[in-house]
Structures are given as structure tokens and as C-alpha cells.
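All remarks here apply to the structure that follows.
In the numbering used here, the protein residues as written are 34 to 197.
Okay, here's the thing in C-alpha cells:
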């Protein structure tokens, strides 16, 4: 799977999303301009010691991203979509795009790709969820649909054993 952040603004969100990407084997794609520098302490603190394991690529703009990934299947997460993120079928190599915290994905992109727009249902009184939470919600649905390929799905207790 692939996560695209289009012009993210808050380094802690990007750090948290980076950690989620490492935990799930997901690539992270950052489309500039970024609202921070990637060497900021807050990004590394949120991503902890996982940042060095992250498969991350930066692009100067959306056009450069498309040039590098011309056949990408991109789902665009937006509060403006008509369809829920659970109503679509994700492929194991799909891209899920999220916009910047203050404005989301530009409406010009959304209007040109209405069939690829998805939303997380929520009460009408709230504008949006936190970006890193939104990424985790949609990404884990996409991973679930793909049977969590390559992921550990069972755990062990440290001191005790599960009862049979």
C-alpha cells in the first residue's frame, strides 16, 4: 500500500503517519510544499526511532508524483466525498491520498476524480478528524481487505501463555 500526503503542515502528524507506515510496510509519499523540514525534532519524536526504516519519497508537486507513478490507482480521502471508505475495493498496490490539515486535497483534484473520492463518516457538527487518525482508519481497512498480507496477525504474551 501507499500513503500520499499532499502538502502536510504539521510535523507531528507526519511523524505519526510515518510510524504507522513502518508498522504496516506501507510507503509514504510527500508532495511539497511541506509545512516543516523533515529534520525537525517533532517529526522524529512522533516517528520515534522508526523514521530511518520508513520508505519515504518526496515530490516537488503533484505533477511530479504523477510522472513517477503514471498508472497509480489513487483514492482521495476527503470530507467532501459522497462514498464511504468502506464502500470501495482496495488493491494491494493502491495509493490513498490525504490533503493538508488546514484545507484538505485541492478541490480541483477532487472534482476531476469524483469516482476515486472517499470519506470517513462522522457527525455533521465536526469539520474533520486528525490527519494521522484518518490515515490509520482508511489504511487499516485497505490492509484488512487485502488480508493483512505479510503482517503478523497473532501475538504472544511476554510472561504468561494464552489458555487453549
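Positions of the beta carbon are idealized from the N, C-alpha and C atoms, including for glycine.
One or two residues paired with residue i in a DSSP bridge
{"i": "residue 61", "result": "36, 89"}
Residue j beta carbon less than 9 Å from that of residue i
{"i": "residue 60", "j": "residue 104", "result": "no"}
{"i": "residue 55", "j": "residue 83", "result": "yes"}
{"i": "residue 130", "j": "residue 37", "result": "yes"}
{"i": "residue 171", "j": "residue 95", "result": "no"}
{"i": "residue 176", "j": "residue 47", "result": "no"}
Residues of its chain near residue i, where Cβ-Cβ distance is below 6 Å and the 5 sequence neighbours each way are ignored
{"i": "residue 65", "result": "93"}
{"i": "residue 68", "result": "42"}
8 Å Cβ shell around residue i - same chain, five flanking residues per side excluded
{"i": "residue 111", "result": "132, 137, 138, 143, 150, 151, 152"}
Backbone secondary structure at residue i - three-state DSSP
{"i": "residue 70", "result": "coil"}
{"i": "residue 43", "result": "coil"}
(request) Run through the stretch 85-150 for me and flag every whole alpha helix (DSSP H) of 4 or more residues, listed as ranges in chain order. (result) Correct list: 95-101, 140-145.
(message) Extract the residue ranges of the alpha helix (DSSP H) inside the stretch 149-195, only unbroken runs of 4 or more that lie entirely within it.
(response) Taken in chain order, the complete alpha helix (DSSP H) segments of 4 or more residues contained in the stretch 149-195 are 164-178.
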